[in-house]
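Have a look at the structure below, then the notes.
As structure tokens, this is what we get:
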């Protein structure tokens, strides 16, 4: 195990135990599945605490998405205690305990990775690459990332164990790291993205000590697994505050690390911002979102530039789009590993743009019935609203899809006439004279 020169020791935390009558978290708010795990561990003689984001959210009056439990039981002991459970992970060994459709994640208290027992390791940049060093609840709190996540609800007496002033930070609505910020970011660069997401999602202020090191350390994200980065970007886009997150990623110089093809003053930034707002609006309305749509906007300028380059070198329009799409998605996957499903959806949105902008009237109904029409049409409309030149085809398709068959036929004829009128005049050939027989 390697250690950075001058790297500080784990922070010394001060425990504050908040009794039940001094906090507003009730066990009645906790899911039935999580309570079964907590009581099951407690009755077997183990320590059992609801921990992290679930405690934080309940104190804020929010409904937690997940319930995490921390204990001094080893993964094997937890596995033996609950029949419907399984051990997962290598970097972090956890146990998933299943009750029907509900899953509770159980983690053993961990010590800081500097406690060299042979089960923890960091690489040359200080990033933790293996972290299965078990310890006490105090040591577990030391390695939590933010103060508001170092909160432990004790099922034995319903008290909250606050190791880092997290309750006070919740009251101040401030997000603050535990320990030395640069060290914590080097241990796990994804903490920079988590800082952005939590600050936006909780509407907390990012403490200056957390924000200041990020621009200089942003490139550390390039060393993170592309699959893990894809998952983290998904969380950023789907938390309901994509517009604010986009601004924060730009200001903290994280955006070009996640999307290397983006550059300052990118012409598509207006479209990207419109897409972020559209995504937030859909989430607020309880509608589903497709991450492919946001990726299509983020990489739109890159695929256009590549397609234009290929077309200028002689490639026909549609093959140029196909080649450009494949190239841009392959390059992006080196940073955030796009799933096959997401990549296909992005490509179809892009490749339908020229077909919607300059449609073949013989294929109007085929386009309208395509399973990707809705996403491609919405993308065309956002492009139009963002100031791109689309020939007003977004408005045209809006009218066409809601028109009756008679009006659709009339619109199709008008489209043919418009196309014919805009075509360059061709010089008529003289009829060839036939030779006399």
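Numbering (our numbering), first residue to last: -3 to 433. Glycine included, every Cβ here is placed at the ideal spot set by N, Cα and C.
Along the chain, where does the alpha helix (DSSP H) containing residue i start, and where does it finish?
i	result
residue 181	177 to 183
residue 268	265 to 280
residue 397	389 to 397
residue 401	401 to 418
residue 363	360 to 364
residue 307	296 to 308
residue 350	336 to 353
residue 224	222 to 233
residue 437	No answer is possible for residue 437: the residues shown for the chain start at -3 and end at 433.
residue 239	238 to 247
residue 208	No alpha helix (DSSP H) contains residue 208, which DSSP labels as neither H nor E.
If I measure Cβ to Cβ from residue i and keep anything under 6 Å in the same chain, skipping five residues before and after, which residues do I get?
i	result
residue 53	60
residue 201	170
residue 232	193 and 241
residue 15	155
residue 94	80
residue 337	none
residue 323	302
residue 99	92
residue 272	238, 239 and 242
residue 72	none
With C-beta atoms as the reference, is residue i less than 9 Å away from residue j?
i	j	result
residue 66	residue 77	no
residue 248	residue 204	no
residue 242	residue 268	yes
residue 192	residue 245	yes
residue 55	residue 166	yes
residue 307	residue 293	no
residue 44	residue 35	yes
residue 101	residue 141	no
residue 270	residue 371	no
residue 330	residue 222	yes
residue 411	residue 377	no
residue 373	residue 404	no
residue 181	residue 51	no
residue 208	residue 177	yes
Skipping 5 residues on each side, what residues in its chain have a beta carbon closer than 7 Å to that of residue i?
i	result
residue 228	186 and 189
residue 10	none
residue 253	214, 215, 217 and 218
residue 12	158
residue 2	For residue 2, the predicted model reports a pLDDT of 44, less than 50, meaning its position is unreliable; a value from the coordinates is still stated below. Hits under 7 Å: none found.
residue 313	307 and 350
residue 266	382 and 383
residue 369	363
residue 332	222, 225, 226, 229 and 254
residue 285	234, 275, 278 and 279
residue 408	357 and 360
Can you name the residues that DSSP bridges to residue i?
i	result
residue 94	99
residue 150	45
residue 157	13 and 148
residue 106	130
residue 170	201
residue 142	173
Residue range of the beta strand (DSSP E) that residue i falls in?
i	result
residue 132	Residue 132 -> no beta strand (DSSP E), and no H or E assigned at all.
residue 67	64 to 67
residue 81	81 to 84
What whole-angstrom Cβ distance do residue i and residue j have, given they're in contact under 8 Å?
i	j	result
residue 160	residue 146	4 Å
residue 318	residue 347	7 Å
residue 359	residue 386	Not a contact, Cβ separation roughly 18 Å.
residue 263	residue 297	6 Å
Kindly list the residues whose CB is nearer than 8 Å to the CB of residue i, restricted to its own chain and excluding five residues on each side of it in sequence; keep chain order.
i	result
residue 334	226, 291, 325, 328 and 342
residue 380	386, 388, 389, 390 and 391
Any Cβ of chain B within less than 9 Å of the Cβ of residue i?
i	result
residue 81	Protein chains in the displayed structure number just one, and chain B is not present.
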